[in-house]
Every structure is written in structure tokens, then in C-alpha cells.
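Let me begin by presenting the structure, written as C-alpha cells, before commenting on it.
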Amino acid sequence: MPSTPTDRPRPLSPNIQIYRPQLTSVLSIANRMTGVALAAYAVALVAWLVSAAAGPAAYTTVQSLIGSWLGRLLLLGCTFCFFLHLCGGIRHLAWDAGYGFSLRAIYASGWTAVAMSMTLTALTWVVGIVLAGHGQ
Amino acid sequence: MIIQRSDEVPDITLLKRFPVPRNFGVSAGSRIGKGRTWPAPGGAARIRRFDVYRYDPDSDGNPRIDTFHVDLDDCGPMVLDALIWIKNRIDPSLTFRRSCREGVCGSCAMNIDGTNWLACTRFISDLATPATIYPLANMSIIKDLVADLTHLFAQHRLVEPWLRSRTSAPERERLQSPDERHRLDGLYECIMCFCCTSGCPSHWWNGDRFLGPAVLLQANRWLTDSRDEATGERLDDLEDPFRLYRCHTILNCTRTCPKGLNPGKAIADIKKMLIERRG
Amino acid sequence: MTRTQMRSALGKAVGLGSARDGVENWLLERVSAVALIPLTLWFTVSTVMHAGDDYATVMAWLRRPVTTTLMALLLMALFHHTALGLQVIIEDYVHSRMKVLLLVGMRLGCLAMAVTGLVATLKIAFGA
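Here it is in C-alpha cells:
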């Protein structure tokens, strides 16, 4: 029996499947995803502290994990996540204080946050690699 | 002034759509099938393809995408003109709301090329090829491009969008200084087209409880009105993890408002009021 | 089922009413964010300065009272901010009964992590 209009639930029009990604929504979801990633890195920070407290053997094991290729890649990811979340967070704090709400300001601050987080990540790693080279 | 689009800032399209599966979280009845391709009109020199969302409640079919070819030399410049042209010349069953055709009634709000806008103030020449026309995002669909706005208007009713006063009615009108009146600028112009609310991801996931940008902008309009005496009660009713604080300042609302208003700022101002009254 | 369907649109929109709460969490998320700006920058700069250093050098840095104090503050602000942020995310996306379980589990997890980190920091500072 064909269903009548009254007993058939209305369809929901598509949302995320069709809505165009814009800098506003892309940076918002990026801030959220980097936040979740940083939560995992925060657990890693605790593990690192525990290993340092446990003694040289445990510490050396953890350091060698960080020193591996995968470890370094994850650390690079951590640096970028941190700076993007930091820049995004400062943007949010400005909005919460009532500043930077014109479309032009939203876009300018958005692209600045992207550029700054990349620059700061690169800078951090260049300095880190140079200092590590001198130490050895 | 007709605001043609909110792209007063250059937008680099990073992606045409978010990398999620087409049927991501979509119920069986909402899945979009392949529709019909209507033949192009004969003898037309300038033709534009429109892919339009269709849903017929009187059939058993799912929503579908129909393809139309519009003769631009026989049609006005706006997207609404194209829809009217299709309805007149090709398929009279195509259903959409429209009234003023000049951006003041808010009836023809729909999703055009991936963002919400009024069909009557968007130029066909600004569209991608093919142009894609969907109803407002994340709405219960009555037919074709007509969305059921019942819940959104109930949310509007919830914030009591009228003057609440305990002072007995004066002999003449309730007075307001020019400064107090100016504070309503940017709030009273809202035409309740719900482009912003329908473009807000937070309202997509929690629209049953989150009031959404359009209604919160209206709430702020009454919080800001110098003649209103229920500011405290209004703030009490808004202070809720879902009603107000589901706003995560994504700002798709400000990005998409076809009247150039700033719902994101209006909501931030409410949050500031809630902080201010604490200490 | 029938009752839900026949409830008025306004009734549905009102739901269980306003919780008259939410400013506190919102504010604390911002306050912890502000605290985290200097603390995380201090930590990042410090770890970069110690890149390639051996155990003894790193421990000497960790044992300094300033480091202990800042590390303790960092851990508290970090996990407070993490808990508030994850709470919002869970509330956004989880609409089943799992929500309460996830929220409680997440809270306890953040607390456990903060305490573990603090104990490790104090052990480094005052341990043998």
C-alpha cells in the first residue's frame, strides 16, 4: 500500500554533505580537531614526566621513542597542532571580548592564524634542530 | 542597497564540499536519488544548467536532483527569475516560496551553490556551472525547495519577541532617545529568512535545543531595546548550555547573512551581558 | 510516541526549560585558555632549549623550583581546559545514553592524568 503524505516522515535536506566549506567553518573544525589531538599529546606529556621521575632507564626508552622517525613526525604534528590551536584560541578570545567580528577581520585573522602557525612551527623546529646539533 | 553576496572578502575555495560520504548520517528517506534531466529549450543561444533538489510528498520516491537548462536570454538576471522561468516553461510542479523578489520578505532563502542566500538577490552570473540549488540546509522538507520552519518559529516564540514592560502604559508612545534607538541598528533589520540558522553546523547537530543565530539575534534585539523591562528574565531563559552556549563562534552565520547583519556578534554580546551581570 | 508527536511546537522548543547555567563553564574555559598561553609557550621554548640534552641536564632543569611551579600550573590548567573542551565536544555529537558515561569517564581520565603528572613533577622535585 503506498504510504500517504501524513504517515511518511519528511526528508531532511542535506547539511554537511552540500554546505560549502568556508574559512569560518574550516578553521572552527580545525580548532576542534587540534584540541582533541592536543588532549592526546597531553597524555604523552604525563607519560614523559612519569618516565623522567622513574629514572634514567625509563627516560632513555621514552626519549628513543620520541627520537624515532614516527616519534619525530608525531612531535612535528604536535607543534603544528599547538600553534594552530593557540592562534585559533587567541582569535576566539578576541571575539569573546567583542572584537574582530567584521567579515574582513574574520578573514584577515583567519589567514593570519594559518600563516602564523606554519611559521612558528617551522621556526621552533629550525631552532630546535640547531640547538640539538650544538649540544652533541 | 542590494547586497549581492557576502563575498566582500576574497574566498579561496579550499574544497567544494567537506570530505564526508554523500550519505553521511542520512536517514533512508532523506537519501537523494538520481532525478530526471529535462531537455534544453530549442533554439536558445545562452543556456545555463541548474541542478535542483526535488521532493514530492505525494509519491513514494525519495528526494532527487533534477537537471534543467535555462535560456538566459528569456529569463531575468536573478536565481529566483530562473526558478520562475523553469516553473513557467518546463515543470509547473517545481515548488518554492517567493514573494517580494527584492530581499525584504525572506521567503526564497535556499542553498545556492553550497551556501544559503536569497534567490532573489543572487545573480545567475555569479553561479558555478552547473548551478546547484538545494533547500535551506538541514531542514525538514515539505516539498521541493519548501522547508518546514515550524520548529524555528517556535524557537522564536520561545524568546518572547515583543516588548515586556512592568511600567504601566504611558499616555503617549514609550520614549527612546536617538542613541537608544541607534543601538537597535543591525538587529531590527533581520527578515527571519533563517539562512544563518540553516548554515550553522552547531544547529545541525543540536537544533532541537540550540536556538540558533537568527533567534538569538532576535533575543538580543529585545535585550538591547531600552524600553524593555524584562532583560533579567530574558537572560535567565537564555543562560543554558544548549540554548545559548552551543554557539561556538563558527561564524558561518555572519558569513552567510544576505542582509549583511552580524548574528555572531549579536550572540557574543549576549554572552558578554551574562558575564557582566555576575560581577 | 503519540504524545511526542502531538506536543505543540512551542512545547517541543521549550523542552525541559533553561538550565540557568553555562556561564561558569564558558568562563572557566576562557580563563584556563588565557592561563595556558604563557604556560604552554614557556614549556615549548624550554623543551626546544633542551633539545638533545642528556638525562642529567633535563633533570637539573626539572628540579628547579621555578620549573616545578610552572609545570604544576601547566598540568592543572591544561587538564582543566582539556576537560571543558572535551565536554563540549561530547555534548555536541553524542546524543545517546553513552553521553553520561563518556562525560564521567572523560572527567575522571582528565583528573587522573593531572594528578599523575603532578605526582611525577613533585617526585622529580623532591625525590632522591
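Residue numbers (our numbering), protein chains in the order written: chain B, 1094 to 1229; chain W, 7 to 285; chain C, -12 to 115.
From the three backbone atoms N, C-alpha and C, an ideal C-beta is built for every residue, glycine too.
Let me make sure I understand the geometry here. Which of 153(W), 109(W), 129(W), 86(W) has the alpha-carbon closest to that of residue 60(W)?
That would be 153(W), whose Cα lies nearest to the Cα of residue 60(W).
Rounding to the nearest angstrom, what Cα-Cα distance links residue 50(C) and residue 109(C) in this structure?
Rounded to the nearest angstrom, the two C-alpha atoms are 9 Å apart.
Within the 8 Å Cβ cut-off, does residue 200(W) reach chain B?
Answer no: the Cβ-Cβ gap between residue 200(W) and chain B never drops below 8 Å.
Excluding the 5 residues preceding and the 5 following residue 111(C) in the sequence, name in chain order all residues of the same chain whose CB lies nearer than 8 Å to its CB.
Excluding sequence neighbours, residue 111(C) sits near 46, 49, 50, 55.
Between the beta-carbon of residue 273(W) and the beta-carbon of residue 229(W), is there less than 8 Å?
No, these two residues do not count as a Cβ contact at 8 Å.
Is residue 1194(B) helix, strand or coil when you go by DSSP?
Three-state DSSP puts residue 1194(B) in coil, outside helix and strand.
Which of the three DSSP states, helix, strand or coil, is assigned to residue 42(C)?
Residue 42(C) falls in the helix class under three-state DSSP.
If you run the structure through DSSP and keep just helix, strand and coil, what is residue 123(W)?
The answer is strand: DSSP assigns residue 123(W) an E or B state.
What's the C-alpha gap between residue 1173(B) and residue 73(C)?
When rounded, the distance between both Cα atoms is 20 Å.
Just how far apart, CA to CA, sit residue 3(C) and residue 159(W)?
Cα-Cα distance, rounded: 18 Å.
Taking 8 Å as the threshold (beta carbon to beta carbon), is residue 5(C) in contact with chain W?
Chain W contact via Cβ: present.
On the premise that residue 1144(B) lies in contact with residue 1152(B), defined as a C-beta separation below 8 Å, what is that separation, rounded to the nearest angstrom?
Contact flag correct, Cβ pair sits at about 5 Å.
Between 64(C), 89(C), 88(C), which has its C-alpha nearest residue 1135(B)'s C-alpha?
Here the closest residue by C-alpha is 64(C).
Does the structure place the region 1112 to 1131 of chain B close enough to the region 1177 to 1184 of chain B that three or more beta carbon pairs sit under 8 Å?
The region 1177 to 1184 of chain B is in contact with the region 1112 to 1131 of chain B.
Cα-Cα, which of 187(W), 162(W), 257(W), 176(W) is closest to residue 1(C)?
Here the closest residue by C-alpha is 162(W).
Among the residues of its own chain, which have a CB less than 7 Å from the CB of residue 69(C), if the five just before and after it don't count?
97.
What distance in whole Å lies between the Cβ atoms of residue 204(W) and residue 268(W), which are believed to be in contact at a cut-off of 8 Å?
Going by Cβ atoms, the distance from residue 268(W) to residue 204(W) rounds to 17 Å, so no, they are not a contact pair.
Against chain W, which members of the region 7 to 41 of chain C pass a CB distance test of less than 8 Å?
Listed by position along the chain: 7, 8, 9, 10, 12, 13, 14.
Identify the contact partners of residue 1165(B) in chain W, using a Cβ-Cβ distance below 8 Å as the criterion.
Simply none; closest approach about 27 Å.
I'd like to know if residue -6(C) contacts chain B, where contact means its C-beta is closer than 8 Å to some C-beta of that chain.
Chain B, which has no Cβ nearer than 8 Å to the Cβ of residue -6(C), makes this no.
Using DSSP with H/G/I as helix, E/B as strand and the rest coil, what is residue 10(W)?
Because residue 10(W) sits at a pLDDT of 47, beneath the cut-off of 50, its placement in the model cannot be relied upon, and the point is left open.
How big is the Cα-Cα spacing for residue 1203(B) and residue 99(W)?
So the two alpha carbons sit approximately 44 Å from each other.
So, with DSSP's three-state summary, where would you put residue 76(W)?
If DSSP states are grouped into helix, strand and coil, residue 76(W) belongs with the strands.
Considering residue 94(W), what are the terminal residues of the alpha helix (DSSP H) in which it resides?
Residues 85 to 95.
Using a Cβ-Cβ cutoff of less than 8 Å, which residues in the same chain neighbour residue 258(W) once the five nearest sequence positions on both sides are dropped?
Cβ neighbours of residue 258(W) beyond the five flanking positions: 202, 205, 206, 207.
Below 8 Å, can you find three or more Cβ-Cβ pairs linking the region 1103 to 1114 of chain B to the region 129 to 140 of chain W?
Segments in contact, yes.
Going along the chain, which residues of its own chain have a beta-carbon closer than 6 Å to the beta-carbon of residue 263(W), five neighbours each way excluded?
Same-chain partners within the cutoff: 202.
On the criterion of 16 or more Cβ atoms from any shown chain inside 10 Å, does residue 25(C) qualify as buried, or is it exposed?
Answer is exposed; the Cβ neighbour count stays below 16.
If you count every other CB in all the chains shown that lies within 10 Å of the CB of residue 16(C), and 16 or more means buried, which is it?
The residue in question, residue 16(C), is buried, as its Cβ has 16 or more Cβ neighbours within 10 Å.
Closer than 8 Å between beta carbons: that is the criterion. Which residues of the region 261 to 277 of chain W meet it against chain C?
Hits within the stretch, in order: 277.
Taking residue 1152(B) as part of the alpha helix (DSSP H), name the residues at either end of that continuous run.
Segment 1149 to 1160, the alpha helix (DSSP H) holding residue 1152(B).
Pull up the distance between the alpha-carbon of residue 108(W) and that of residue 79(W), whole angstroms please.
For residue 108(W) and residue 79(W), the distance between alpha carbons rounds to 21 Å.
Please identify, using Cβ separations under 8 Å, the residues of the region 57 to 74 of chain C that lie next to chain B, in order along the chain.
Flagged, chain order: 58, 62, 65, 66, 69, 72, 73.
Look up residue 30(C) in the DSSP assignment and say whether it is helix, strand or coil.
Three-state DSSP puts residue 30(C) in a helix.
Check whether the Cβ atoms of residue 198(W) and residue 129(W) sit closer than 8 Å, and answer yes or no.
No, the Cβ-Cβ distance between residue 198(W) and residue 129(W) is not below 8 Å.
By the three-class DSSP mapping on this structure, what secondary structure does residue 271(W) have?
Helix at residue 271(W).
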